[in-house]
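**Q** If you read the sequences in order, they're chains X and R. Per our numbering, the very first residue in the first sequence carries number 1; after that it's consecutive. Per our numbering, the very first residue in the second sequence carries number 1001; after that it's consecutive. All C-beta atoms in this analysis are idealised placements derived from N, C-alpha and C, irrespective of residue type, glycine included. Take a look at the following structure, please.
2 protein chains.
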Amino acid sequence: MVRETSHQKTKRLPTSYDVAQHAGVSQSAVSRCFKPGASVSRKMRERVMRSVEELGYRPNAIARGLITRRSNMVAVIVSNLRYYPEVLSELSRRLSERGIHVLLFDLDHESDLAKVFDQIWQYQVDGVVAAAYLEPAQLRQFEERHIPLVLYNRSRKDFAVSSVSCDQAQGERELVDMLVNDCGHRTFAVIGGPPDSVVSLQRTESAIRRLRKLGIKQIARDAGDYGYDSGRQAIRRIMESRKRPPSAVICANDMMAIGVVDELRLHLDIDVPGDVSVVGFDGSRAGQWLSYDLATIEQPVESMAEAAVSMLMQRIDNEGLPPERRTFSGVLRTGSTVRLK
Amino acid sequence: MVRETSHQKTKRLPTSYDVAQHAGVSQSAVSRCFKPGASVSRKMRERVMRSVEELGYRPNAIARGLITRRSNMVAVIVSNLRYYPEVLSELSRRLSERGIHVLLFDLDHESDLAKVFDQIWQYQVDGVVAAAYLEPAQLRQFEERHIPLVLYNRSRKDFAVSSVSCDQAQGERELVDMLVNDCGHRTFAVIGGPPDSVVSLQRTESAIRRLRKLGIKQIARDAGDYGYDSGRQAIRRIMESRKRPPSAVICANDMMAIGVVDELRLHLDIDVPGDVSVVGFDGSRAGQWLSYDLATIEQPVESMAEAAVSMLMQRIDNEGLPPERRTFSGVLRTGSTVRLK
DNA sequence: CCGCTGATTGAATCCGAATGCAAAGGCCGA
DNA sequence: TCGGCCTTTGCATTCGGATTCAATCAGCGG
Chain X
1 MVRETSHQKT
11 KRLPTSYDVA
21 QHAGVSQSAV
31 SRCFKPGASV
41 SRKMRERVMR
51 SVEELGYRPN
61 AIARGLITRR
71 SNMVAVIVSN
81 LRYYPEVLSE
91 LSRRLSERGI
101 HVLLFDLDHE
111 SDLAKVFDQI
121 WQYQVDGVVA
131 AAYLEPAQLR
141 QFEERHIPLV
151 LYNRSRKDFA
161 VSSVSCDQAQ
171 GERELVDMLV
181 NDCGHRTFAV
191 IGGPPDSVVS
201 LQRTESAIRR
211 LRKLGIKQIA
221 RDAGDYGYDS
231 GRQAIRRIME
241 SRKRPPSAVI
251 CANDMMAIGV
261 VDELRLHLDI
271 DVPGDVSVVG
281 FDGSRAGQWL
291 SYDLATIEQP
301 VESMAEAAVS
311 MLMQRIDNEG
321 LPPERRTFSG
331 VLRTGSTVRL
341 K
Chain R
1001 MVRETSHQKT
1011 KRLPTSYDVA
1021 QHAGVSQSAV
1031 SRCFKPGASV
1041 SRKMRERVMR
1051 SVEELGYRPN
1061 AIARGLITRR
1071 SNMVAVIVSN
1081 LRYYPEVLSE
1091 LSRRLSERGI
1101 HVLLFDLDHE
1111 SDLAKVFDQI
1121 WQYQVDGVVA
1131 AAYLEPAQLR
1141 QFEERHIPLV
1151 LYNRSRKDFA
1161 VSSVSCDQAQ
1171 GERELVDMLV
1181 NDCGHRTFAV
1191 IGGPPDSVVS
1201 LQRTESAIRR
1211 LRKLGIKQIA
1221 RDAGDYGYDS
1231 GRQAIRRIME
1241 SRKRPPSAVI
1251 CANDMMAIGV
1261 VDELRLHLDI
1271 DVPGDVSVVG
1281 FDGSRAGQWL
1291 SYDLATIEQP
1301 VESMAEAAVS
1311 MLMQRIDNEG
1321 LPPERRTFSG
1331 VLRTGSTVRL
1341 K
C-alpha cells in the first residue's frame, strides 16, 4: 500500500519516507543508503544524502531495533557507582567504541536487583554486564531469554555463566603472607564490607582462611559499608574493645582502609605503619595519594573491562558460545601503610 | 488483516499476540492490560495476566516507544565520569525513581561532544541532561528537534536554555574574601582545570576578578586537568618558579587541591595551612577526609540533581514550557587547609 | 540491433504494541 | 420484555525502517 505523505502538520522529525519523497526515490532506497555494503549506486547515494542533509534526517534507532532485533544497547548494572566509577567508566568507554550504547542501572544495594530485571527485559538490550550478585534463578532467566550476560567480579562456581573477575583469594593470600611473613604481625583485624556483597565475603573469608592456615589465632572482625566513614567507625570499635588491639588491619576495600588509616593516625594517635599496618583491596586512585600510599591489591580494571566487553560482544554476535570464565590476578602493591621487616 | 500465529520456530520471546492467543483474547486486550487506567474488566485482566505469567511475557519497550513516541529514556552526558561520580549517581537514581532509563554518554573531553550527537538523535530519547559544554549551534538543534534539555552546571548567558547550576562566581568570591579578609593573604596562585572546561574558566576568572577588586596584584597562574597528579605538578611548577611563592592557592576543583596539599606537605615540606592556605571547589567526599579537611565550596549536588531531573520531566510531560535557569549557592566550608587569623 | 547478465531500484510486507472506532455485552428502569 | 446507556472488547491501522522479491536498467558480446 502506498503511504500518504507525512503531513508535517505536527512538526515531526523527518522519516525515511520524507527523505524518499524529497529525493524522489523510494523509502527502501533511503534505508539502503544507511546500510553499509548495500547495493546502492553512487548517484543514488549522493542524491539521497543531499536530502538527508537538507532535512536533517537521522534514522530512528528504535524503529530499526524493532525490525532488526538489535537495539545496540547493553545494560550495565553496577552497585555503588559512587564508589567504583572506574569500572563503569572503563566499560562505558569500551562499549561506545564498539558502537554500543549503555543503559545504566545503578543499585543502592545489590539486593535491589530484582527491581531492575523487568526493565532489562523490556528494553531489549543486546546483552548485560552485571557487577552485582545474581541469584541462580535470575541467571537462568538470562539463558531462557538468550540474552548474553557477563558478570563482573562475581563469578559463581555453581552456575555456568560467563564472568570476568579478579582473583580475590589469591590477592588476600598475598596480603596476608606479606603481613605475616614479611612484617611479622600476629594479631589481626579484618573489616568486611556490606553483608550483601559477595566480593566482600570472598575477600574476608579468604583472608581469614589464610590467616588460620598460618597459625594466626587473634582475629578481630568487624564490617562497614565500603565507605570511608564506616572504616573509621569499624576501627574505632575494634580499638576500643577490651581485646588485644590488632597490629595489622585487613580491609575489604581501599576506601575503608583509608578511613582506618586516617582514624588511627589522626584520632587515635596510632602510627601507621609504625604501630599498625593497614591494607586494602582494589588499587583505587585515592589509595595512591601521597598521604596514604596504601598497601593493597591492584585490580587490573582496564584489562578486566576489556575482557568483559569483548566476551560480551562475542556472545552477542555469535549466539551459542559457551560460557567462559576469565580470572585476572591482582597485583600486590606494597605501600607505606605496612612496615616490612 | 488477521495475523498468523507466530510460529515459535525460532524460540523467540512471546509477544502480545502470543499472549492473546494463549488467553483466547485479542491483542488489544493484552495491550490494555498493561496500560494503567485502561478499560479492562477484572475477569479479562486476570485471564490475561495468567497467560502473561505462564509465558513470561514482557512488553517490548522498543515497539511501544515506536508508537507512543516516548522511549522513557533520557540521555545523560557527562564528562569525567571518573571524577564526578556523585553527579551521575544522583541523576541516575532520581530518573529511575520516575521510571526513566538512563542512556549514558561519557566523554573523554567536553569537546568530544559532537561524536555523541548523532547517537542521541537516533535513540529518540525523551530528554537530555548534559554536564558538558554545548555550542549554540548544538543547543539550537535541541530546539529544532523539540528535545527537552537541561544543562548541569553550564549555564549560558547567550542562549535561552534550561539549566541548573551552582553559582561559581559567588563561591569564588566567598573563598577569596575569606582568604584575603579573614586570613590576610596577599600573594596568590590560581590553578585552573582543563582548557575546554567552562566551569573551570568561570571559577578561575571569578576568583581572579575578585582578587583584583580587592587590590591583589600577585597572582601566579597555572592549570591542570582536574586530576590529583596535575594539582601536584602545577604547584611544583609554581613553587619552583623564581617569583615570590604564593601564600594561598585557589584550585578549580577539590581533586587538584588535594594534590596541592599533598605535594606541599609531603614533598615540598611546606606546612598547610601554616605556611600556605589551599582551597578547592566542589565539596567532594575525599576533601572531607580527616587528612585534608579541605576548605572548599560545597555544591548542593543532591538539590541540583533533583532540580535538573524535575525540570527535565516537566518539560517532557509538558511541551513548550519556557527555559528556566536555576542557580544554587554553594556553601563555604572552612576546613583546616586555611589558617584564619 | 538483440538478448543476456549483473547491478539497482521499488513495492509490499514485517517487526510488536498502542489506539480510534465501532460492535457487542451488561445493566437498569420502565 | 424492551430501549437506552455505559462498559468492554476486537478490528484495523499506525509508528519508521529493514528486507525480500520481482521488475527494471545498463552494459556488453554476438
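1. Among the residues of its own chain, which have a CB less than 7 Å from the CB of residue 316/X, if the five just before and after it don't count?
2. Cβ of residue 1065/R less than 8 Å from any chain X Cβ?
3. Check each candidate in 1329/R, 1253/R, 1318/R and name the one with the smallest Cα separation from residue 1286/R.
4. So with CB distances below 7 Å, who are the chain R contacts of residue 55/X?
5. Counting only beta-carbon atoms, is residue 1022/R nearer than 8 Å to chain X?
6. Indicate whether at least one CB of chain X lies closer than 8 Å to the CB of residue 1196/R.
7. Ordered along the chain, which non-local residues of its own chain (more than five positions away) have a Cβ less than 7 Å from that of residue 1313/R?
8. Taking any Cβ of chain R, which residues in the region 111 to 131 of chain X have a Cβ under 7 Å from it, in chain order?
9. Strictly below 8 Å CB to CB, what residues from chain R border residue 295/X?
10. Have a look at 1179/R, 1216/R, 1164/R, 1337/R and flag the residue whose alpha-carbon is nearest the alpha-carbon of residue 1311/R.
11. Kindly list, in the order they appear in chain X, the residues whose Cβ is closer than 7 Å to that of residue 1101/R.
12. Is the CB-CB distance between residue 191/X and residue 223/X below 8 Å?
13. Can you tell me which of 1078/R, 1066/R, 1063/R, 1339/R puts its alpha carbon nearest to the alpha carbon of residue 1248/R?
14. Closest to residue 1124/R by C-alpha separation, out of 60/X, 250/X, 182/X, would be which residue?
15. Pick from 159/X, 109/X, 227/X: whose alpha carbon is nearest that of residue 323/X?
16. Using a C-beta to C-beta distance shorter than 9 Å, which residues of chain X count as neighbours of residue 1291/R?
17. Please determine, among 1227/R, 1203/R, 1181/R, 1244/R, the residue with the shortest C-alpha to C-alpha distance to residue 1215/R.
18. If the cut-off is 9 Å on Cβ atoms, which residues from the region 1205 to 1228 of chain R count as contacting chain X, listed in chain order?
19. Under 8 Å Cβ-Cβ, which residues of chain R neighbour residue 62/X?
20. Using a Cβ-Cβ cutoff of less than 6 Å, which residues in the same chain neighbour residue 241/X once the five nearest sequence positions on both sides are dropped?
21. Is the CB-CB distance between residue 1303/R and residue 1259/R below 8 Å?
22. Leaving out the 5 sequence neighbours to the left and right, which residues in its chain are closer than 8 Å to residue 1232/R when beta-carbon positions are compared?
23. For the beta strand (DSSP E) containing residue 105/X, list its first residue and its last residue.
24. Any C-beta of chain R sitting closer than 8 Å to the C-beta of residue 269/X?
25. List, from N- to C-terminal side, the beta strand (DSSP E) runs of 3 residues or more that fit wholly inside the region 1261 to 1329 of chain R.
26. Under DSSP, the beta strand (DSSP E) around residue 1340/R begins and ends at which residues?
27. Quick one: which chain R residues come within Cβ less than 9 Å of residue 106/X?
28. Give, in chain order, every unbroken run of the alpha helix (DSSP H) that is at least 4 residues long and sits entirely within the region 1130 to 1215 of chain R.
29. Does residue 321/X pass the burial test, meaning 16 or more other C-beta atoms within 10 Å, or should it be called exposed?
30. So with CB distances below 7 Å, who are the chain R contacts of residue 85/X?
31. Distance cutoff 8 Å, beta carbons only. Does residue 13/X sit that close to anything in chain R?
32. Is it a yes or a no for the region 93 to 110 of chain X touching the region 41 to 59 of chain X, going by three-plus beta-carbon pairs under 8 Å?
33. Which same chain residues, not among the five before or five after residue 334/X, have their C-beta less than 6 Å away from its C-beta?
34. Taking 8 Å as the threshold (beta carbon to beta carbon), is residue 154/X in contact with chain R?
35. Check for me: the alpha helix (DSSP H) holding residue 118/X runs from which residue to which?
**A** In this structure, then:
1. If you number the first sequence from 1, residue 316/X lands on position 316. Same-chain partners within the cutoff: 126, 127, 148.
2. Locating residue 1065/R in the second sequence gives position 65, where the first residue counts as 1. Taking Cβ atoms only, chain X reaches closer than 8 Å to residue 1065/R, which makes this a yes.
3. For this step, residue 1286/R is matched to residue 286 along the second sequence. Among 1329/R, 1253/R, 1318/R, the Cα nearest to that of residue 1286/R belongs to 1253/R.
4. Here residue 55/X is taken as the residue at index 55 of the first sequence, counted from 1. Per Cβ cutoff of 7 Å: no residues; residue 55/X is ~11 Å from chain R at best.
5. The residue you call residue 1022/R lines up with position 22 of the second sequence. Residue 1022/R does not count as touching chain X.
6. As a working mapping, residue 1196/R is identified with position 196 in the second sequence. With 8 Å as the cut-off, residue 1196/R does not count as an interface residue toward chain X.
7. One-based indexing of the second sequence puts residue 1313/R at position 313. Cβ neighbours of residue 1313/R beyond the five flanking positions: 1098.
8. 118, 119, 121, 122, 123, 124
9. Indexing the first sequence from 1 puts residue 295/X at position 295. None at all; the shortest Cβ gap to chain R is about 17 Å.
10. Translated into the one-based positions of the second sequence, residue 1311/R becomes position 311. Ranking 1179/R, 1216/R, 1164/R, 1337/R by Cα distance to residue 1311/R puts 1164/R first.
11. Taking the second sequence and counting its residues from 1, one reaches residue 1101/R at position 101. 103, 119, 123, listed in chain order.
12. The count along the first sequence starts at 1 and reaches residue 191/X at position 191. The count along the first sequence starts at 1 and reaches residue 223/X at position 223. In contact: residue 191/X and residue 223/X (Cβ atoms closer than 8 Å).
13. For the purposes of this step, residue 1248/R is identified with residue 248 of the second sequence, where counting begins at 1. Taking only the C-alpha atoms, the option nearest residue 1248/R is 1339/R.
14. What you label residue 1124/R is simply residue 124 of the second sequence in a count that begins at 1. Out of 60/X, 250/X, 182/X, 60/X has the C-alpha closest to the C-alpha of residue 1124/R.
15. Taking the first sequence and counting its residues from 1, one reaches residue 323/X at position 323. The option with the nearest alpha carbon to residue 323/X is 159/X.
16. Position 291 of the second sequence, counting from 1, holds the residue named residue 1291/R. Ordered by position in chain X, the residues that pass the 9 Å Cβ test against residue 1291/R are 258, 261, 262, 265, 266, 289, 291, 292.
17. Taking the first residue of the second sequence as position 1, residue 1215/R is located at position 215. Taking only the C-alpha atoms, the option nearest residue 1215/R is 1181/R.
18. 1227, 1228
19. Counting from one through the first sequence, the residue named residue 62/X turns up at place 62. What residue 62/X touches in chain R: 1062, 1065, 1066, 1071, 1123, 1124.
20. Residue mapping note: residue 241/X aligns to position 241 of the first sequence, counting from 1. Nothing listed; no residue qualifies.
21. Here residue 1303/R refers to the residue found at position 303 of the second sequence. Here residue 1259/R refers to the residue found at position 259 of the second sequence. The answer is no: Cβ separation not under 8 Å.
22. Locating residue 1232/R in the second sequence gives position 232, counting from the first residue. Hits under 8 Å: 1259, 1260, 1262, 1263, 1267.
23. On the first sequence, residue 105/X is found 105 positions in, with the first residue counted as 1. Per DSSP, residue 105/X belongs to the beta strand (DSSP E) from 101 to 107.
24. As a working note, residue 269/X is residue 269 in the first sequence. With 8 Å as the cut-off, residue 269/X does not count as an interface residue toward chain R.
25. 1277 to 1279, 1296 to 1298, 1325 to 1328
26. Locating residue 1340/R in the second sequence gives position 340, counting from the first residue. Premise fails: residue 1340/R is in no beta strand (DSSP E) and is neither H nor E.
27. Sequence index remark: in the first sequence, residue 106/X carries index 106 (1-based). Those within 9 Å of residue 106/X in chain R are 1088, 1089, 1092, 1093, 1096, 1102.
28. 1136 to 1144, 1168 to 1177, 1198 to 1213
29. Counted from its first residue, the first sequence places residue 321/X at position 321. Exposed.
30. To locate residue 85/X, count along the first sequence from 1; it is residue 85. The answer, in chain order, is 1081, 1082, 1085.
31. For this step, residue 13/X is matched to residue 13 along the first sequence. With 8 Å as the cut-off, residue 13/X counts as an interface residue toward chain R.
32. no
33. Position 334 of the first sequence, counted from the first residue, corresponds to residue 334/X. Closer than 6 Å at the Cβ level, and outside the excluded window around residue 334/X, lie 295.
34. Along the first sequence, read from residue 1 onward, the residue named residue 154/X stands at position 154. No - not a single Cβ of chain R is within 8 Å of the one on residue 154/X.
35. As a working note, residue 118/X is residue 118 in the first sequence. Its alpha helix (DSSP H) spans residues 113 to 122.
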